[in-house]
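A.B. asks: Residue numbers (my numbering): 308 to 649. Glycine included, every Cβ here is placed at the ideal spot set by N, Cα and C. Quick one: this structure, given as structure tokens, is what I'll be asking you about.
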Ligand SMILES: C[S@@+](CC[C@H](N)C(=O)[O-])C[C@H]1O[C@@H](n2cnc3c(N)ncnc32)[C@H](O)[C@@H]1O
């Protein structure tokens, strides 16, 4: 295929994608993928009496989801999940992509109508739709507990989807006590502690978010606070920033890296995990979406910085042996540094 034919094909898909995205999210909310997982080959008529949807509206929805390839109609007129729908959307478990879609539908994409305005203004103008005075979405969501729940369920699902390769890294085997900065509900710390039975961890999070996921080890504890305003808790021999630094500006990131350096003993390690746009900043659809979302809504700054930026900031804060492990799923990278031993 000629390279421009591919661009044209992608163009045609992407201009229809907002509608198709919503069709797929609606199908998850109506539990169509979940239903077809247990009852593959169900006909439109049976789906209609099961869902209670008007026949015509169900027909329109099924056509849209079939057009994405996520559902397929069999020769007998029944509907089945594709292998991808079965893997990503057919369950309600914590790691279901369905929770991510609902979070993007409820929080991310309504804000994108403001993109031109926000980029011209140089600030996250879509935040005006949220009550409160904080300058980030994380602070404002404290006033809307239900939406905050949806948002964090989406974040946890994405974390679970992108965590296995991180948890398997041998660099964590030598960590005794981990400080998980902006650690959300502790999902990452829990999974690391599960993998490394000697490890303990402290999750440093905003007070309103500071609720640990339930049914987990007591080797993970909470330290509610603001990572900029409050001192980093001491006693850790490693600091993890997972999906956190990209929210902020280069100046703020440098401040956080210096705080990490000061909190660590000699030989202590720092880990930066998250999205990395390609080195030449011309590729990465996950990175592009995330960077735009930060600038239109979440913080008004930040982006999925290239790995080289993190390496420079770590070196600037005094860390050495700085290196990046690349090739994680979803355009993720892990940049590691060590505080001088002497
Ligand atoms: C994208 S989430 C990442 C959560 C988790 N580390 C993960 O990888 O799933 C960013 C987290 O940073 C937290 N955060 C943002 N600003 C903060 C601040 N000033 N102090 C403490 N936590 C903050 C948010 O509440 C949110 O849970």
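Would you check whether ligand 1 has a heavy atom nearer than 8 Å to the C-beta of residue 406?
C.D. replies: Because no heavy atom of ligand 1 lies under 8 Å away, the Cβ of residue 406 does not count as near it: no.
A.B. asks: For residue 318, count neighbouring Cβ atoms within 10 angstroms of its own Cβ and tell me buried if that reaches 16, exposed if not.
C.D. replies: Burial call: exposed.
A.B. asks: Looking at residue 543: is its Cβ nearer than 9 Å to the Cβ of residue 499?
C.D. replies: No, Cβ-Cβ distance for residue 543 and residue 499 is not below 9 Å.
A.B. asks: Give me the Cα-Cα distance between residue 580 and residue 367, rounded to the nearest whole angstrom.
C.D. replies: Those two C-alpha atoms are separated by around 41 Å.
A.B. asks: Classify residue 400 as buried or exposed, calling it buried when 16 or more other Cβ atoms lie within 10 Å of its own Cβ.
C.D. replies: The residue in question, residue 400, is exposed, as its Cβ has fewer than 16 Cβ neighbours within 10 Å.
A.B. asks: Can you tell me whether residue 493 is buried or exposed, with buried defined as 16 or more other CB within 10 angstroms of its CB?
C.D. replies: Label assigned to residue 493: buried.
A.B. asks: Using the three-state DSSP reduction, which class does residue 531 fall into: helix, strand or coil?
C.D. replies: Strand at residue 531.
A.B. asks: State the DSSP-derived secondary structure class of residue 658, mapped to helix, strand or coil.
C.D. replies: Only positions 308 to 649 of the chain appear in the structure, and residue 658 is not among them; the question remains open.
A.B. asks: Using 8 Å as the cut-off, can you tell me whether the segment 581-589 makes contact with the segment 605-625, which would need three or more C-beta pairs spanning the two stretches below that distance?
C.D. replies: Yes, they touch.
A.B. asks: Reducing DSSP to helix, strand and coil, say where residue 485 ends up.
C.D. replies: Residue 485: strand per DSSP, three-state reduction.
A.B. asks: With residue 554 as the anchor, note down where its alpha helix (DSSP H) starts and where it stops.
C.D. replies: No alpha helix (DSSP H) contains residue 554, which DSSP labels as neither H nor E.
A.B. asks: Leaving aside the five residues before and after residue 431 along the sequence, list all residues of the same chain whose C-beta is less than 7 Å from its C-beta, in chain order.
C.D. replies: Once the five neighbours on either side are set aside, the close Cβ partners of residue 431 are 425, 602, 603, 604, 605, 606 and 607.
A.B. asks: Could you spell out where the beta strand (DSSP E) holding residue 574 opens and where it closes?
C.D. replies: Looking at the DSSP string, residue 574 is not in any beta strand (DSSP E), and its letter there is neither H nor E.
A.B. asks: Taking the alpha-carbon positions, what's the residue 650 to residue 502 distance?
C.D. replies: This structure gives no information on residue 650, because the portion of the chain shown stretches from 308 to 649.
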